[in-house]
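Take the sequence shown: its letters are residues 1 to 273, numbered as in the UniProt record's numbering.
We put the CB at the ideal spot given by N, CA and C, even for glycine.
Computed from a prediction, not measured in an experiment: that's the story for all the values here.
Read through the structure below, which is laid out as structure tokens, and then see the notes.
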Amino acid sequence: MNEVDKIRVQAHFSRSLSTYRQAAQVQSAMADALMAALAEVTPRRDFPRILELGCGDGLLSTRIEEQLRYQQLTLVDIVPACAAYHSQRRNASFLAGDMEDMALPAADLVMAGAALQWARDLPALLRRIGSALAPDGMLAFSSFGPENLREIKALTGRSLAYLSMSELITMLEMANFAVLCAREQHSVMTFSTPLAVLRHLRETGVNGVRAERPWTRQALRNFTERYQEQFSLADGQLPLTYHPLWIVAQKRRADGGGCAAAVVARGPMWPCP
Numbered sequence: 001m002n003e004v005d006k007i008r009v010q011a012h013f014s015r016s017l018s019t020y021r022q023a024a025q026v027q028s029a030m031a032d033a034l035m036a037a038l039a040e041v042t043p044r045r046d047f048p049r050i051l052e053l054g055c056g057d058g059l060l061s062t063r064i065e066e067q068l069r070y071q072q073l074t075l076v077d078i079v080p081a082c083a084a085y086h087s088q089r090r091n092a093s094f095l096a097g098d099m100e101d102m103a104l105p106a107a108d109l110v111m112a113g114a115a116l117q118w119a120r121d122l123p124a125l126l127r128r129i130g131s132a133l134a135p136d137g138m139l140a141f142s143s144f145g146p147e148n149l150r151e152i153k154a155l156t157g158r159s160l161a162y163l164s165m166s167e168l169i170t171m172l173e174m175a176n177f178a179v180l181c182a183r184e185q186h187s188v189m190t191f192s193t194p195l196a197v198l199r200h201l202r203e204t205g206v207n208g209v210r211a212e213r214p215w216t217r218q219a220l221r222n223f224t225e226r227y228q229e230q231f232s233l234a235d236g237q238l239p240l241t242y243h244p245l246w247i248v249a250q251k252r253r254a255d256g257g258g259c260a261a262a263v264v265a266r267g268p269m270w271p272c273p
């Protein structure tokens, strides 16, 4: 179980809506990588019913609209204000709510861009996604691995319980999925000061971990000093590590029919054909 404060998640992403698109360079690249991975494993472009979980302001939604053919696109997000970013989308409807609590509509393809790591009970959510998918339906999602934001975890002790690639693949197989493509990478952003790092995190809304205590002036000073002491690069810049990963899987048929075996690679952000 992941220790996620959903009220905190909703509040942080609500506040970051106006800044997310500009600050979320890694998440934008992940959306491109996910679409490329889907195209790599299947030539199919026509999915009548598509469900996107955690649509946010539409980083992935726009790519779905531009690159796939569908009759109905259902967009889900815990932040009701996200609806305004999707009002003009083709054949699209928006559902506000927690993806773990709502009834998921039937779909031929389920996609999620950097969203499933917020699930408290991912195995249960994967089973529910499988139930919503049509026979041979597909699940394509990006997430983050255990090294994500490792500098923040080292200094504060706070982090989501990010899952490794092997753990995710095992969960998918237990939920009756066959993994078609699985890739991961480490991506490092650099900042001039620790405060710039914190500003970036605030602008992307990523801090939904339960905090044992609020920031104090002394705690912020200690964080700043320790960040510079432990992580400063030769040029004085400060790194922030992202550990993106993306997976494309297919629901197994009721007769147990197989799909391609998992292909796990540590490759470029954009998968090679």
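Leaving out five residues on either side along the sequence, give the residues of the same chain with a beta carbon under 7 angstroms from the beta carbon of residue i.
| i | result |
| --- | --- |
| P194 | F223, T224, Y227, Q228 and L238 |
| L104 | L51, R128, I129 and A132 |
| M174 | P123 |
| G208 | For G208, the predicted model reports a pLDDT of 44, less than 50, meaning its position is unreliable; a value from the coordinates is still stated below. Closer than 7 angstroms at Cβ, skipping near neighbours: V4, D5, R8, V9, H12 and W118. |
| Q250 | D136, M138, F177, A178, L180 and C259 |
| R89 | S61, E65 and L73 |
| G58 | Y85 and H86 |
I'd like to check one pair, residue j with residue i: are the Cβ atoms closer than 7 angstroms?
| i | j | result |
| --- | --- | --- |
| M189 | L240 | yes |
| G56 | C82 | yes |
| D162 | N176 | Checking the sequence shown, residue 162 turns out to be Tyr, not Asp. No; because the gap between Cβ atoms is not below 7 angstroms, this pair is not in contact. |
| E203 | S16 | yes |
| H243 | H200 | no |
| V76 | L95 | yes |
| M171 | L220 | no |
| S143 | L160 | no |
| I78 | D98 | yes |
Look up residue i in the DSSP assignment and say whether it is helix, strand or coil.
| i | result |
| --- | --- |
| L149 | coil |
| V209 | Only weak support exists for where V209 lies, its pLDDT of 46 falling under 50; the value from the coordinates is given anyway. Note: V209 maps to strand in three-state DSSP. |
| R69 | strand |
| I78 | coil |
| D235 | coil |
| L95 | strand |
| M30 | helix |
| A261 | Reliability fails at A261, whose pLDDT of 39 lies under 50, so the model's placement of it is uncertain and no value is given. |
| L104 | coil |
| W215 | coil |
| A119 | coil |
| T193 | coil |
| residue 330 | Lying before the first or after the last residue shown, residue 330 is absent from the chain, which here runs from 1 to 273. |
| A140 | strand |
Can you list, in chain order, the residues of its chain whose CB lies under 8 angstroms from that of residue i, leaving out five sequence neighbours each side?
| i | result |
| --- | --- |
| L68 | R45, D46, F47, I50 and L109 |
| Q71 | P48, R49 and N91 |
Whose C-beta lies closer than 6 angstroms to the C-beta of residue i among residues of the same chain, with five residues either side of it excluded?
| i | result |
| --- | --- |
| R63 | A31 and M35 |
| A37 | C181, W246, V248 and P271 |
| A134 | D108 |
| P146 | Y162 and S164 |
| E167 | none |
| K153 | S159 |
If I'm right that residue i touches residue j with Cβ under 8 angstroms, what's the distance once you round it to whole angstroms?
| i | j | result |
| --- | --- | --- |
| A114 | Q27 | 5 angstroms |
| M111 | A140 | 5 angstroms |
* Every unbroken beta strand (DSSP E) within the region 148–191, with a cutoff of 3 residues, ordered by chain -> 177–184 and 187–191
* Could you pull out every unbroken beta strand (DSSP E) segment of at least 3 residues lying fully inside the region 33–61, listed in chain order? => 49–53
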